[in-house]
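I have placed the structure first, in the form of structure tokens, so that the comments after it can refer back to it.
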Amino acid sequence: MMKSLNPSDLAGTSDCLCRIEPGELAPLPPPYDDFNQATIPPLKPEKIKNIEASLDDTVAIGIPKPASKEEEEELIRRFLAGLQKLFEKENNWTFLQPLMLSMEHCAKCQTCSNACPVYEMSGHKDIYRPNFRAEVLRRIYRKYVKPGGKLTARFTGDINLNWTVIARLAELAYRCTLCRRCATVCPIGVDNGLITHEIRKLFSQEMGIAPKEIHDKGTVQHLKVGSTTGMTPPAAKDSMAFIQEEMEEITGYKVEVPWDVEGADILLLHNAGEMLAWPENVGAFAIIFQAAGISWTMSSEAMGYDAVNYGLWYDDVQFSRVAVRHADIARRLKVKKILIGECGHAHKALTVIADRLLTGELNIPRESALVTLEEIVLKGKIRFDPGRNNFPVTLHDPCNVVRAMGIVEPQRRILRKIAPQFREMTPHGVDNYCCGGGSGFAIMSGYNFADWRALVSSRKKFLQILQAFKDEPREAPKYVCAPCSNCKGAIRDIFAYYHAEERSSLYYGGLVELIVNAMADMKKPIIRFGDKPSWTATA
Amino acid sequence: MGFYLLSYLCFAVFVVAAGCRIYRQLSLPVHVRWEIYPVQHEPAAKAAYGGSYMEELNWWEKRRERSLLTELGYMVPEILLIRGLWKENRNLWWVSFPFHFGLYLMIGVFGLLLLGAGLTLWGSAIYTEGSGLRTLLDGLILVMGWGGLILGTVGSLGLLYRRLANPEFRNYATPADYFNLLFILLFFLSALVAGLSNNPSLEGAKAYMLGLLSGGHSPAPYLPGRSIPGAVAIVSASLLGAYIPLTHMSHMFMKYFLYHEVKWDDTPNRPGGRIEAAVRKNLDLKPTWGARHVGADGRKTWGDIASSSPEEEKK
Numbered sequence: 002m003m004k005s006l007n008p009s010d011l012a013g014t015s016d017c018l019c020r021i022e023p024g025e026l027a028p029l030p031p032p033y034d035d036f037n038q039a040t041i042p043p044l045k046p047e048k049i050k051n052i053e054a055s056l057d058d059t060v061a062i063g064i065p066k067p068a069s070k071e072e073e074e075e076l077i078r079r080f081l082a083g084l085q086k087l088f089e090k091e092n093n094w095t096f097l098q099p100l101m102l103s104m105e106h107c108a109k110c111q112t113c114s115n116a117c118p119v120y121e122m123s124g125h126k127d128i129y130r131p132n133f134r135a136e137v138l139r140r141i142y143r144k145y146v147k148p149g150g151k152l153t154a155r156f157t158g159d160i161n162l163n164w165t166v167i168a169r170l171a172e173l174a175y176r177c178t179l180c181r182r183c184a185t186v187c188p189i190g191v192d193n194g195l196i197t198h199e200i201r202k203l204f205s206q207e208m209g210i211a212p213k214e215i216h217d218k219g220t221v222q223h224l225k226v227g228s229t230t231g232m233t234p235p236a237a238k239d240s241m242a243f244i245q246e247e248m249e250e251i252t253g254y255k256v257e258v259p260w261d262v263e264g265a266d267i268l269l270l271h272n273a274g275e276m277l278a279w280p281e282n283v284g285a286f287a288i289i290f291q292a293a294g295i296s297w298t299m300s301s302e303a304m305g306y307d308a309v310n311y312g313l314w315y316d317d318v319q320f321s322r323v324a325v326r327h328a329d330i331a332r333r334l335k336v337k338k339i340l341i342g343e344c345g346h347a348h349k350a351l352t353v354i355a356d357r358l359l360t361g362e363l364n365i366p367r368e369s370a371l372v373t374l375e376e377i378v379l380k381g382k383i384r385f386d387p388g389r390n391n392f393p394v395t396l397h398d399p400c401n402v403v404r405a406m407g408i409v410e411p412q413r414r415i416l417r418k419i420a421p422q423f424r425e426m427t428p429h430g431v432d433n434y435c436c437g438g439g440s441g442f443a444i445m446s447g448y449n450f451a452d453w454r455a456l457v458s459s460r461k462k463f464l465q466i467l468q469a470f471k472d473e474p475r476e477a478p479k480y481v482c483a484p485c486s487n488c489k490g491a492i493r494d495i496f497a498y499y500h501a502e503e504r505s506s507l508y509y510g511g512l513v514e515l516i517v518n519a520m521a522d523m524k525k526p527i528i529r530f531g532d533k534p535s536w537t538a539t540a
Numbered sequence: 101m102g103f104y105l106l107s108y109l110c111f112a113v114f115v116v117a118a119g120c121r122i123y124r125q126l127s128l129p130v131h132v133r134w135e136i137y138p139v140q141h142e143p144a145a146k147a148a149y150g151g152s153y154m155e156e157l158n159w160w161e162k163r164r165e166r167s168l169l170t171e172l173g174y175m176v177p178e179i180l181l182i183r184g185l186w187k188e189n190r191n192l193w194w195v196s197f198p199f200h201f202g203l204y205l206m207i208g209v210f211g212l213l214l215l216g217a218g219l220t221l222w223g224s225a226i227y228t229e230g231s232g233l234r235t236l237l238d239g240l241i242l243v244m245g246w247g248g249l250i251l252g253t254v255g256s257l258g259l260l261y262r263r264l265a266n267p268e269f270r271n272y273a274t275p276a277d278y279f280n281l282l283f284i285l286l287f288f289l290s291a292l293v294a295g296l297s298n299n300p301s302l303e304g305a306k307a308y309m310l311g312l313l314s315g316g317h318s319p320a321p322y323l324p325g326r327s328i329p330g331a332v333a334i335v336s337a338s339l340l341g342a343y344i345p346l347t348h349m350s351h352m353f354m355k356y357f358l359y360h361e362v363k364w365d366d367t368p369n370r371p372g373g374r375i376e377a378a379v380r381k382n383l384d385l386k387p388t389w390g391a392r393h394v395g396a397d398g399r400k401t402w403g404d405i406a407s408s409s410p411e412e413e414k415k
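Quick mapping for you: the protein sequence lines, in order, are chains E and X. The first sequence begins at 2 in the numbering used here and counts up by one. The second sequence begins at 101 in the numbering used here and counts up by one.
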């Protein structure tokens with residue numbers, strides 16, 4: 002058992018500040034108790050000899066170590082310059098007020114720690130407390146940026162600044178999923194999740210340091226090629242043509258996807274990852290909209306078929322660029338509104354955060370697809386046979402849709418109508434737990450980060466899912482409805498890691514698949530459990 | 101007179117420091133939305149489960165409904181009873197609540213003393229010896245004063261103990277945190293001892309307030325030198341008043357901004373509205389971020405950069 006750590010220990014010389022030992026992770030119930038002694042597989046020394054890897058058992062970014070004393074000093078200088086810029090309106094008008102308030106008013110009551118699934122599931126490791134990294138930043142700011150800070154540091158909280166502290170802080174900013182559960186429980190209103198977000202920004206916007214999955218392969222590729230998947234416009238159209246054929250083959254329903262229809266009521270933006278990983282989700286949207294007689298279109302323009310905005314997690318500049326492009330595509334198509342498909346972070350990015358970025362003609366109304374789907378399902382635009390979804394269903398609440406936007410009930414009203422065995426997780430709604438893949442984690446898998454995610458950050462969600470179905474027979478297929486691409490990715494990975502399909506017959510998918518599955522006019526089910534069609538799986 | 105001067109000075113520091121803090125907040129640029137649900141000014145039915153106006157189809161075509169009643173129904177118990185801590189961190193609530201409620205009662209007593217002194221000095225006919233109002237005010241001062249002193253002392257000691265005994269708190273505690281708690285404890289304890297020793301009806305506090313309002317010229321001004329605990333109480337209370345707005349303890353009033361300007365700030369950007377004008381102003385700001393992909397040179401605005409592509413990064 003390691004000793005407890007305080008924020009100034011981040012400057013310590015240990016080659017691994019925090020290690021999860023066998024048996025320290027929060028226990029899983031049978032038949033998953035064989036994972037209770039699991040630890041994160043060690044990284045090969047040759048793989049990490051030139052990068053900063055002394056924080057914990059994993060690496061998210063892989064920051065190269067400075068080659069000389071001069072280089073180290075230059076990196077420290079740039080870090081402090083970036084820290085200063087976080088508190089300047091020219092550089093950080095976007096979050097200046099929220100940041101200042103959260104930096105200045107924490108009472109260190111640790112209420113946030115109790116709410117954090119990463120801290121809880123890790124076996125209560127100090128470095129994962131929401132307040133740990135926030136307090137490190139507060140101490141550095143007070144000592145090295147505020148006037149007279151070096152004189153008062155012993156009184157207000159000291160910390161030594163060196164390259165190790167900086168690099169560990171960068172890594173530590175990627176051990177929080179930005180679910181902001183900590184912020185909801187803070188009695189004062191301090192948001193330590195926001196401070197994590199700002200640390201990520203400092204590193205990206207000033208020092209060019211960010212995980213390659215969300216920067217190089219993420220926003221940079223998105224802006225350059227048109228999609229974070231690397232899909233070009235012709236490839237996107239090809240994918241959709243394939244999906245149309247697949248839908249007809251799977252469900253017997255012939256569907257046409259409208260492209261670039263000027264003046265359509267709705268521009269539907271999907272996470273392009275859906276087209277590759279979960280084509281049935283994109284196809285199901287098309288079936289529902291066609292069956293309901295909705296005037297809609299997709300855009301074949303670069304970025305117009307990929308709703309993601311990874312900038313939300315780490316970089317305001319990249320965020321702004323992506324949001325402006327999305328809005329501009331809608332403006333040129335002259336649509337009445339933009340509809341965000343089942344992608345949680347895209348919901349928050351374009352609907353809420355970009356709201357105070359888009360002006361004039363770019364300020365086109367944006368709406369969650371869940372709201373539109375509720376209108377379709379509950380207003381009788383399509384006939385349903387809920388008996389077709391007669392299997393246990395639970396709902397995962399994507400943090401960005403629920404806690405960050407207050408869209409809680411539309412998806413539930415739909416499920417209550419079309420899924421007779423729907424049951425809630427505990428807790429749910431705005432009190433939900435993150436899937437563990439939030440803030441980019443679902444797409445980050447360099448080094449051994451995917452193991453850390455499955456064992457630590459996604460563990461709470463897995464426990465919640467098991468709890469929701471605890472009274473169901475093991476062999477009965479069970480469906481986790483996750484109306485968010487990143488969440489689905491995380492849940493897919495949890496199920497694979499813990500062999501949950503084999504051991505508990507757990508399956509996952511989106512909301513639209515359940516809607517289509519219950520449509521009375523469908524000839525065949527869209528949902529299958531393994532090789533069994535869902536309509537017969539529970540018969 | 102020295103005590104009065106100290107109190108005046110500390111009061112002035114309080115006003116200036118609190119004013120500066122508030123002014124700073126009011127003068128900051130409009131930030132992007134970062135609300136978190138539940139937002140308590142939503143109508144009761146939505147606030148109950150954390151729903152928002154964005155659950156409505158074409159919400160931008162509808163009139164926004166807000167409920168002050170729901171907001172107050174949440175904020176009053178949150179502020180007075182520290183409800184959030186009761187729900188999320190019960191162990192801490194048992195010491196945090198008496199500490200905070202003790203302070204609230206002291207602020208309440210300060211207000212009542214001020215009212216009583218004002219009525220005495222400016223000769224209100226309804227505030228004579230034995231009048232109903234005077235009896236009521238005296239009674240309230242007595243109950244709230246003693247209640248506040250006892251709760252505050254217990255709470256301060258409890259918080260101090262927890263910070264010392266529990267590694268979860270101790271690891272994060274700085275000398276400033278201990279100083280703050282000891283400072284507040286000093287006030288509560290000295291006032292408690294002063295009251296217990298020779299001032300059970302808190303007449304000393306009333307006389308001191310009278311002296312404060314009259315610049316020391318009231319008929320029976322309180323002489324703090326008569327009692328060391330009384331003097332310590334007056335000095336520590338005055339200094340605390342000046343000190344609190346300089347520290348994180350200003351969350352007492354800054355919580356308004358944390359909630360209303362961030363956590364619950366869900367105001368949408370309507371075309372042609374106040375927020376749009378503020379955003380346009382922000383987009384004219386010129387960032388200087390140093391990473392190559394940003395492409396900031398101190399001349400390009402946020403608007404320019406947002407509508408450009410990232411600069412190619414040299415590997």
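Glycine included, C-beta positions come from ideal geometry on N, C-alpha and C. It should be emphasised that the depicted structure is a prediction, and the values quoted were computed from it without experimental measurement.
Among the candidates the options, whose CA atom is the shortest distance from the CA of residue i?
| i | options | result |
| --- | --- | --- |
| X:Cys120 | X:Val132, X:Leu292, X:Phe353 | X:Phe353 |
| E:Thr252 | E:Asn161, E:Asn115, E:Ile528 | E:Ile528 |
| X:Val132 | E:Gly13, E:Lys66, E:Glu473, E:Phe96 | E:Phe96 |
| E:Gln111 | E:Pro366, E:Ala82, E:Pro188 | E:Pro188 |
| E:Thr14 | E:Thr165, E:Ile141, E:Leu100, E:Gly158 | E:Thr165 |
| X:Arg399 | X:Asp384, X:Asp277, X:Tyr308 | X:Asp384 |
| X:Leu157 | E:Cys107, E:Lys349, E:Ile267 | E:Ile267 |
Kindly indicate the opening and closing residues of the beta strand (DSSP E) around residue i.
| i | result |
| --- | --- |
| E:Gly510 | 507 to 510 |
| E:Lys109 | Per DSSP, E:Lys109 belongs to no beta strand (DSSP E) and is neither H nor E. |
| E:Ile339 | 338 to 341 |
From which residue to which residue does the alpha helix (DSSP H) around residue i run?
| i | result |
| --- | --- |
| E:Tyr480 | Not the alpha helix (DSSP H): E:Tyr480 falls in the beta strand (DSSP E), residues 479 to 482. |
| E:Glu91 | 90 to 93 |
| X:Leu292 | 275 to 298 |
| X:Arg133 | Neither: X:Arg133 is in no alpha helix (DSSP H) and is coded neither H nor E. |
| E:Leu267 | What sits at residue 267 of chain E in the sequence shown is Ile, not Leu. Counting along the chain, E:Ile267 falls outside any alpha helix (DSSP H), though it belongs to the beta strand (DSSP E) covering 267 to 270. |
| E:Val283 | 280 to 293 |
Classify residue i as buried or exposed, calling it buried when 16 or more other Cβ atoms lie within 10 Å of its own Cβ.
| i | result |
| --- | --- |
| E:Lys50 | exposed |
| X:Trp389 | buried |
| X:Ile328 | exposed |
| E:Met101 | buried |
| X:Pro387 | buried |
| X:Gly239 | exposed |
Mapping DSSP to helix, strand and coil, what is residue i?
| i | result |
| --- | --- |
| X:Thr401 | coil |
| E:Arg413 | helix |
| E:Met304 | coil |
| E:Val256 | coil |
| E:Ala540 | Any reading at E:Ala540 must be qualified, since the residue scores a pLDDT of 42, below 50, and its modelled position is unreliable; the value itself is stated next. Three-state DSSP puts E:Ala540 in coil, outside helix and strand. |
| E:Pro366 | coil |
| E:Arg181 | coil |
Mind checking whether the beta-carbon of residue i lies closer than 8 angstroms to any heavy atom of the ligand HEM?
| i | result |
| --- | --- |
| E:Lys335 | The ligand content of the structure shown is nil, which means the ligand HEM is not present either. |
Next item on the list: Spell out a yes or no on whether the segment 481 to 496 of chain E and the segment 439 to 459 of chain E are touching, meaning 3 or more CB-CB pairs, one atom from each, closer than 8 angstroms.
Entry: yes
Margin query: Closer than 8 angstroms is the cut-off here; do at least three beta carbon pairs connect the segment 203 to 219 of chain X with the segment 265 to 283 of chain X?
Written below: no
Notebook entry, point to check: Are there three or more Cβ pairs, one per stretch, closer than 8 angstroms when the segment 387 to 403 of chain E is compared with the segment 414 to 425 of chain E?
Noted result: yes
Notebook entry, point to check: Does the pairing of the segment 294 to 313 of chain E with the segment 323 to 334 of chain E give three or more beta-carbon distances under 8 angstroms?
Noted result: Because the criterion of three Cβ pairs below 8 angstroms is met, the segment 294 to 313 of chain E and the segment 323 to 334 of chain E touch.
Checklist line | Touching by the beta-carbon criterion (3+ pairs, under 8 angstroms), the segment 130 to 147 of chain E and the segment 472 to 482 of chain E | finding: no
Margin query: Using a Cβ distance threshold of 8 angstroms, determine whether the segment 228 to 236 of chain X contacts the segment 185 to 205 of chain X, with at least three qualifying pairs required.
Written below: These segments do not touch.
Check: Should the segment 463 to 472 of chain E be regarded as contacting the segment 512 to 523 of chain E, the criterion being three or more beta carbon pairs within less than 8 angstroms?
Finding: no
Check: Three or more C-beta pairs closer than 8 angstroms, one from the segment 355 to 375 of chain E and one from the segment 376 to 387 of chain X: is that the case here?
Finding: yes
Note to self: With a threshold of 8 angstroms, are at least 3 pairs of Cβ atoms found where one atom belongs to the segment 372 to 386 of chain E and the other to the segment 150 to 165 of chain X?
What the structure shows: yes
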